[in-house]
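Chains as they are written, first to last, in my numbering: chain A, 73 to 586; chain B, -2 to 341.
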């Protein structure tokens, strides 16, 4: 890889950002040279996003210094960040779908002649920007009429229009097909040539080996290392991301695993997952591991009756699950903890007890009359068991911390006394204390005979809790790993498409479908 | 990226006081008493006459009864997070026509017929809004106008009178009695109906499984759905209740005026919504209770009465009611926004 001589476009020196109770970024020094693609990797919660949000001007209370082009800069607002030449490209597009490419590209700075829009110049400017990303489109088309890939490129063009010297790309390929990724890589090469410094965040290691010059690994808010990509192997990066062997941290108590309780055969939802087949037993914690976009949540929504499968069967205790709605599934003992706590999981304006009892309203009612009193022992017991703080059932959920909200969500599903509990990212975004409580509770549930399906991007969680892990990739179950085979390294490599251990092939297609 | 647990939640909770507490149930009745006192002061200082007379108090109560009946039902729609049922005015008018037309077959038939038609409107509203997620205001407004058109088409733009349609004198006198029947020569039937509906409504809202599901649905429809609640059915039932009480109020109004007219229910939509929000039910859904709605209706009734005694014209009264609505909803929204919950 070329070694540019132009010095650092961006230098972050000893920057930190704390939130109440945690340090999200802890004394990190990070530099990107002009004309360099610098990959930033780390597990969920490692601090990558917070570091980049700092650059985007999201925080006005970070500590440490940031220098841009050798000059100290204060990035205390998004406007300041933009003015300093920082461009952000996020996973989700920021384009307005019904309006034209031109208006999207030039939002806020449409050229005028007197009080009127200068249409001809706007069009010319838009054309020019589109050309810079290799697009030859009619700029008067609305965004919704162009392809996903086109929209992604328009997004890049829009950011380029602000003439950034530093470009941050956060998982830019997650919605793109193979050919589209290739085109994106060409454009990135072109941007490099123009001397733009690029920070590239991705979970897909093969991409990093394709296009990055250097890679910085973060873990637990700290920088672990920065190294040229040419001098490091995939295994070494994974090792740095993961750090320790988790198995030492989780003390496992023996659980007895019983007969088959939940059987899924040939389940498909076209476009999302295909031919999924597995069995889960009583008292078993079965992990489902995959990169974002592998189809995990889509699978969960079918397994719980929220969405319909196109084909396949779901059996509980040897009998097909009856009915087609979530209420039917719930009644038969299948519960689902959603990954989206705030909008789908909890009614945040209501108190703790209303939320905990919300899935069992009918079970607590006799002839249509609801008895909160009948549910009260259950609420009190769960508040105690999960040490929900403050231990006050009448407290509004929205006023609790994230970790305690997540405990309330788990309590809601524990209250439903499930036979099969499907957990979708049960500890995302919670502090370590809440995480330990939730893990203990999941293990207890399994010991009591419940079948737990654990969908998680948190590798230590999968390794620590699961008896088996199914690896999901591009909508297929590609591999099953027993507890003895599971480690963070082996899971991460498998999710990235390695079929055997130690096969360090660089796979340029290391991405899932959208 | 992990979102860290936030402290400071207690500070937030503490600030809930001031503004929004005005709109709690006790506060509403305090304001109603304040308005009564205002009326008394105005009379004693000679600005208005007769406010405190028994006759006028009865007027207030009768007016409150009609607005209150509509508001109690519509409150379920507001509570479900669907704002208001704007089809109430013509539902009231329409069911009045139906009842008068059917009087020839007897009072019972007329009553059942009118209620059936009213419930049908509710089922339609609830189905479309619940199942197809239509904008509740736009949809019910459209139903309001379509129904109005139907009335004017079917009855060729004519009003109808109970005496005209049949020889069933007994049925007609029973019909007249809906509004005029007074227990102990004092308490009108509409007031009794209102009080029964308030007690029943409060019970349904707070003690039944439907009420609990409605609260969840109004607070967070997506979370309700993922709790296995049939949100569509819950929303449908709330609209049915709104139409049910609108029908009762419609019959009372028609009985009062002794005429079936498409404009019989005019203005009740807005009066009811205003009573609901003054009574502490936020437009965001899932908050408030029926006792508060009764208090809100009381305030609206007293205010209307004072304004009328004051000699304020109908148009100006509308303006004042509109302004009050804006102030209540506005301060409510502001106080919630200040708490960092942009959900009003």
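From the three backbone atoms N, C-alpha and C, an ideal C-beta is built for every residue, glycine too. Treat the numbers as computed from the prediction; the structure is a model and nothing was measured.
Listing by chain order, which chain B residues have their CB less than 9 Å from the CB of residue i?
i: residue 380/A; result: Near residue 380/A there are no residues of chain B at all, since even the closest Cβ is about 15 Å away, more than 9 Å.
i: residue 416/A; result: 217, 219, 220, 222 and 223
i: residue 402/A; result: 224 and 225
i: residue 426/A; result: 209, 212, 213 and 216
Nearest chain A C-beta to residue i closer than 9 Å, yes or no?
i: residue 128/B; result: no
i: residue 227/B; result: yes
i: residue 289/B; result: no
i: residue 80/B; result: no
i: residue 199/B; result: no
i: residue 18/B; result: Since pLDDT at residue 18/B reaches only 43, below the 50 mark, its modelled position is unreliable, and no value is offered.
i: residue 330/B; result: no
i: residue 281/B; result: yes
Measuring only between beta-carbons, confirm whether residue i sits less than 9 Å from chain B.
i: residue 270/A; result: no
i: residue 240/A; result: no
i: residue 442/A; result: yes
i: residue 429/A; result: yes
i: residue 87/A; result: no
i: residue 397/A; result: yes
i: residue 484/A; result: yes
i: residue 363/A; result: no
i: residue 568/A; result: no
i: residue 534/A; result: no
i: residue 422/A; result: yes
Taking Cβ to Cβ, would you say residue i is nearer than 9 Å to residue j?
i: residue 244/A; j: residue 274/A; result: yes
i: residue 201/A; j: residue 229/A; result: yes
i: residue 374/A; j: residue 351/A; result: no
i: residue 239/B; j: residue 85/B; result: yes
i: residue 69/B; j: residue 271/B; result: no
i: residue 110/A; j: residue 284/A; result: yes
i: residue 242/A; j: residue 296/A; result: no
i: residue 140/A; j: residue 237/A; result: yes
i: residue 108/A; j: residue 270/A; result: yes
i: residue 75/B; j: residue 282/B; result: yes
i: residue 429/A; j: residue 201/B; result: no
i: residue 138/A; j: residue 124/A; result: no
Since residue i meets chain B, which of its residues come closer than 7 Å, beta carbon to beta carbon?
i: residue 588/A; result: Since the first residue shown for chain A is 73 and the last is 586, residue 588/A is missing from the structure and cannot be characterised.
i: residue 111/A; result: Under the 7 Å cutoff, chain B gives no residues; its nearest Cβ is about 17 Å from residue 111/A.
i: residue 434/A; result: 206
I want to verify the contact list: residues of chain A whose CB lies under 9 Å from the CB of residue i, in sequence order.
i: residue 398/B; result: Since the first and last residues shown for chain B are -2 and 341, residue 398/B lies out of range.
i: residue 285/B; result: Per Cβ cutoff of 9 Å: no residues; residue 285/B is ~12 Å from chain A at best.
According to DSSP, what are the bridge partners of residue i?
i: residue 462/A; result: Residue 462/A pairs with nothing; no bridge assigned.
i: residue 359/A; result: 526/A and 541/A
i: residue 269/A; result: 238/A
i: residue 593/A; result: Nothing in the structure corresponds to residue 593/A, since chain A is present only between 73 and 586.
i: residue 165/B; result: Its beta-bridge partners do not exist; DSSP assigns none.
i: residue 89/A; result: 97/A
i: residue 298/B; result: Residue 298/B is not bridged to any residue.
i: residue 495/A; result: 409/A and 526/A
i: residue 251/B; result: Paired residue(s): none; residue 251/B is not in a bridge.
Can you pull the chain B residues whose beta carbon is under 8 Å from the beta carbon of residue i, in chain order?
i: residue 371/A; result: Neighbours of residue 371/A on chain B: none; closest Cβ ~16 Å, over 8 Å.
i: residue 388/A; result: What residue 388/A touches in chain B: nothing, since even the nearest Cβ is about 16 Å away.
i: residue 450/A; result: Within chain B, no residue comes near residue 450/A; the closest Cβ sits about 15 Å away, beyond 8 Å.
Under 8 Å: does the beta carbon of residue i sit that close to some heavy atom of the ligand HEM?
i: residue 423/A; result: Only the bare structure without any ligand can be found here, which leaves the ligand HEM out of the picture.
Does the CB of residue i have a neighbour CB from chain E at under 9 Å?
i: residue 419/A; result: The structure shown contains no chain E; its protein chains are A and B.
message = Contact between the segment 402 to 420 of chain A and the segment 179 to 189 of chain B is defined here as three or more beta-carbon pairs at a separation below 8 Å; is this criterion met?
response = Fewer than three Cβ pairs drawn from the segment 402 to 420 of chain A and the segment 179 to 189 of chain B lie within less than 8 Å of each other, which leaves the two stretches out of contact.
Taking three-plus beta-carbon pairs below 8 Å as touching, is the segment 356 to 375 of chain A in contact with the segment 502 to 511 of chain A? no
Check whether the segment 130 to 142 of chain B and the segment 110 to 122 of chain B are in contact - that is, three or more C-beta pairs closer than 8 Å.
Taking 8 Å as the limit for Cβ pairs, the verdict is that the segment 110 to 122 of chain B does touch the segment 130 to 142 of chain B.
Self-check item: Touching by the beta-carbon criterion (3+ pairs, under 8 Å), the segment 458 to 475 of chain A and the segment 214 to 229 of chain B
Solution: no
- Query: Is the number of C-beta pairs between the segment 172 to 181 of chain A and the segment 147 to 161 of chain A that are closer than 8 Å three or more?
  - Reply: no
Discussion item. With three or more beta-carbon pairs closer than 8 Å as the criterion, would you say the segment 167 to 187 of chain B touches the segment 415 to 422 of chain A?
Written reply: no
### Message
If contact is defined by three or more beta carbon pairs under 8 Å, each pair taking one atom from either stretch, is the segment 284 to 301 of chain B in contact with the segment 26 to 35 of chain B?
### Response
yes
If we count Cβ pairs, one from each stretch, closer than 8 Å, do we get three or more for the segment 211 to 228 of chain B versus the segment 95 to 105 of chain B?
-> no
**Study point:** Cβ contact (3+ pairs, closer than 8 Å) linking the segment 525 to 539 of chain A and the segment 482 to 501 of chain A
**Key:** Yes, the segment 525 to 539 of chain A is in contact with the segment 482 to 501 of chain A.
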